[in-house]
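Trainee: Note that this note's numbering has the sequence shown beginning at 1, numbered continuously upward.
Quick one: the structure is below, and I'll ask about it shortly.
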Amino acid sequence: MSSPSNPSRDDNTVKLRRQEAANALQRYPVLALHAVRNGESPAMMRLKLMR
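Okay, here's the thing in structure tokens:
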């Protein structure tokens, strides 16, 4: 997944994903939407996002 030509782009992608996960953990409606989309319970989705 990492590209030797632009490692900062990969770093930014990881940071954005982590920020989206943090946002989902803070707002229940977003967490619920992620859970429904992935076919999991909100509790399991919360555990996955905390990793």
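For each residue, glycine too, the CB sits at the ideal point set by N, CA and C.
1. Cβ atoms of A24 and A49: under 8 Å apart, would you say?
2. DSSP three-state call for S41: helix, strand or coil?
3. Is it buried or exposed, A35, if we count other Cβ atoms within 10 angstroms and call 16 or more buried?
4. Does the distance from the C-beta atom of L31 to that of M45 stay below 8 Å?
5. List the endpoints of the continuous alpha helix (DSSP H) containing R27.
Mentor: Result, derived from the coordinates:
1. On the sequence shown, position 49 is the one that residue 49 refers to. On the sequence shown, position 24 is the one that residue 24 refers to. One point to set straight first is that residue 49 is Leu, not Ala, in the sequence displayed. Yes. Within cutoff.
2. For the purposes of this step, residue 41 is taken as the residue at position 41 of the sequence shown. Reduced to three states, the DSSP call for S41 is coil.
3. What you label residue 35 is simply residue 35 of the sequence shown in a count that begins at 1. Its Cβ being crowded by 16 or more others within 10 Å, A35 is buried.
4. What you label residue 31 is simply residue 31 of the sequence shown in a count that begins at 1. What you label residue 45 is simply residue 45 of the sequence shown in a count that begins at 1. Against a cut-off of 8 Å, the Cβ pair of M45 and L31 comes out as a contact.
5. Translated into the one-based positions of the sequence shown, residue 27 becomes position 27. Element bounds for R27: n/a, residue is neither H nor E.
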